[in-house]
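Number of protein chains: 2
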Amino acid sequence: MDDKKVSMAVVKRLPRYYRYLTDLLKLEVNRISSKELSEKMGITASQIRQDLNCFGGFGQQGYGYNVEILQREIGKILGMQNKFKAIIIGAGNMGNAIANYSLFAERGYSIVAIFDNNTEKVGKIINNLAVLDMNELENYIKNNRVDIAILTVPFQYTSQIAERVASLGIKGIWNFSPMDLRLSHEVKIENVHLSDSLMVLGYRMNKKIEEDKASL
Amino acid sequence: MDDKKVSMAVVKRLPRYYRYLTDLLKLEVNRISSKELSEKMGITASQIRQDLNCFGGFGQQGYGYNVEILQREIGKILGMQNKFKAIIIGAGNMGNAIANYSLFAERGYSIVAIFDNNTEKVGKIINNLAVLDMNELENYIKNNRVDIAILTVPFQYTSQIAERVASLGIKGIWNFSPMDLRLSHEVKIENVHLSDSLMVLGYRMNKKIEEDKASL
DNA sequence: TAGATTGTTAATCGATTAACAATC
DNA sequence: TAGATTGTTAATCGATTAACAATC
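Top to bottom, those sequences are chains A and B. Per the numbering used here, the first sequence starts with residue 97, numbered consecutively. Per the numbering used here, the second sequence starts with residue 97, numbered consecutively.
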């Protein structure tokens, strides 16, 4: 596994490769060339070969790539073998949706506990897990492996809870609050900005409206 | 509103600008320079000025930018004045979460109806909206303004439903299925790939683990 | 006016694409 | 072997940063 600096542009494409390769595997395709894959994905073959060669030569001249091997290797690069354990903090609608999303399990992530500070929610069962009280958080993390905290709490609590889980030694935070969470700690953070994505859609729709108007 | 081609890199930053400016407004800051904003956002002042000047000169030499005006202008560029109307298709956990997410309303989007094909869910009230049966879809769209379809349905139904709403004249699709939805139609599509985001987090966590191991 | 900060051009940096020798 | 396709270097393209004249 090479360690020359890999750009974020490349890293962000890896899950997409993983997805397409998984689909191909399901279709029992066991061999693919960068050209064929490029046509399916709508990117250039050159980019695919460039991207993959950041991590090593997974292909074979004259043959292409073995789908199963390539999928497994990309999985490794993405760290799937770690089988990361995640807790959800915030048992609201978004917490519920995440807890019930089976794809994460397919990708090797497991949700091991759900927390909420609302006593009415504590004890409720969500996807086979009883919601735990927030004041059991420290105790739980001390006694169980937890790698990731998924934050689906209201905006105003987010920073404070992020600090709290970071101080408990969590390695990653997946944040659903509409803020750019940043911590001094060595914790990796991914901010999911749902409304940003919706607004980009709005931009593109609006642009089309303006263009249609202009072309009258 | 200029129409020289604006790159996607710039467009994707616009909601983020909007977010920071809204926060500043709430703090009653009414003036900001590109330098101050750059420090808050962790990007260069140069980039901010470059980005904004794709759309026009919103600032004033020697002064900076008026927060309120700039926020409003970016809102316009993002098409917020359209007050887009959206329907949710799929009243499962994710549909529920989206329906209850108040931020979208703050950003000018409104959810006007929710559909599901499960008769047990039909009639259920979600955030003041009764879930409608899927076979009322055509009729509803004929009689009401609908700009966006938010798809929170299982993977296997996604393409088919996308085609269906596209043929009904919808202008945009916000897709939560883990697939790259593409249509021949003139419909704008944004695919939200939650698990891709989680896997990028996994990549970064794994990289840190490898590095820590290596530095022993 | 002097100071500050934009708008914009030019320079740099990085990412994508093209090309082709290596090789299966 | 001949054909195909990779891995990789070089060329191109685009995005970011730096610099500064314009101007509030």
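Backbone N, C-alpha and C fix where the C-beta goes; we use that ideal spot for every residue, glycine too.
Query, Result
"Continuous alpha helix (DSSP H) stretch holding B/Phe251: start and end", "251-263"
"Coil, strand or helix - B/Ile139 by DSSP", "coil"
"Residue burial classification, A/Ala201 (beta-carbon count within 10 angstroms, cutoff 16)", "exposed"
"Contacting positions in the region 100-115 of chain A - beta carbon closer than 8 Å to chain B", "Val107, Lys108, Leu110, Pro111, Arg112, Tyr114, Arg115"
"Rounded distance between the beta-carbons of B/Ala182 and B/Tyr205, thought under 8 Å", "6 Å"
"Span of the alpha helix (DSSP H) around B/Leu247", "From DSSP, B/Leu247 is part of no alpha helix (DSSP H) but of the beta strand (DSSP E) over 244-247."
"Inter-residue Cα distance where the pair is B/Ile222 and A/Ile269", "29 Å"
"Chain-ordered neighbours of B/His289 on chain A, where CB pairs are closer than 9 Å", "Pro111, Arg112, Arg115"
"Given 8 Å, three or more beta-carbon pairs between the region 293-304 of chain A and the region 167-184 of chain B", "yes"
"Residue-level contact to chain B via CB, A/Gly147, 7 Å cutoff", "The identity of residue 147 of chain A in the sequence shown is Asp, whereas the question assumes Gly. Not closer than 7 Å to any Cβ of chain B, the Cβ of A/Asp147 fails to qualify, so no."
"CB contact below 7 Å: B/Gly298 versus chain A", "yes"
"Cross-chain neighbours of A/Arg203 in chain B, by beta carbon under 9 Å", "Ser291, Leu294, Met295, Gly298"
"Length of the line joining the Cα atoms of A/Ile165 and B/Ser134", "44 Å"
"Start and end residues, alpha helix (DSSP H) containing A/Ser291", "290-310"
"Contact the region 247-255 of chain A vs the region 187-194 of chain A: 3+ CB pairs below 8 Å", "yes"
"Beta-carbon gap between A/Ile128 and A/Gly160 smaller than 7 Å", "yes"
"Proximal chain B residues relative to A/Gly175, where beta-carbon distance stays under 7 Å", "Gly298, Tyr299, Met301, Asn302"
"Closest Cα partner of B/Leu174 within the set A/Ala310, A/Asp243, A/Lys309, A/Asp292", "A/Asp292"
"Chain A contact for B/Lys309 (CB, 7 Å cutoff)", "no"
"Enclosing beta strand (DSSP E) for A/Tyr161 [first to last residue]", "160-162"
"Uninterrupted alpha helix (DSSP H) stretches inside the region 185-225 of chain B (no shorter than 4 residues)", "189-195, 198-202"
"Burial state of A/Gln167 (16 or more Cβ within 10 Å)", "buried"
"7 Å Cβ cutoff, B/Lys220 in contact with chain A", "no"
"Proximity below 7 Å, CB of A/Val227 to CB of A/Lys217", "yes"
"Buried/exposed call for B/Ser130, threshold 16 Cβ in 10 Å", "buried"
"Own chain partners of B/Lys220 with C-beta closer than 8 Å, once the 5 adjacent residues on each side are dropped", "Ala187, Ala226, Val227"
"Where A/Arg109 falls: helix, strand or coil (DSSP)", "helix"
"Cβ neighbour criterion (16 or more within 10 Å) applied to A/Leu110", "buried"
"Own chain partners of A/Arg241 with C-beta closer than 6 Å, once the 5 adjacent residues on each side are dropped", "Lys181"
"B/Phe200: contacting residues in chain A (beta-carbon distance under 7 Å)", "Ser291, Leu294"
"Neighbourhood of A/Met275 by C-beta distance below 7 Å, restricted to the same chain and skipping five residues each side", "Phe251, Thr254"
"Interface residues of the region 186-199 of chain A facing chain B [CB-CB below 9 Å]", "Gly188, Asn189, Met190, Gly191, Asn192, Ala193, Ile194, Ala195, Asn196, Tyr197, Leu199"
"Reduced DSSP secondary structure (H/G/I, E/B, other) of B/Ile237", "helix"
"Alpha-carbon spacing of A/Met137 relative to B/Gly265, whole angstroms", "26 Å"
"Extent of the continuous beta strand (DSSP E) run through A/Ile285", "284-287"
"Where B/Ala310 falls, given that 16 or more other Cβ within 10 Å makes a residue buried", "exposed"
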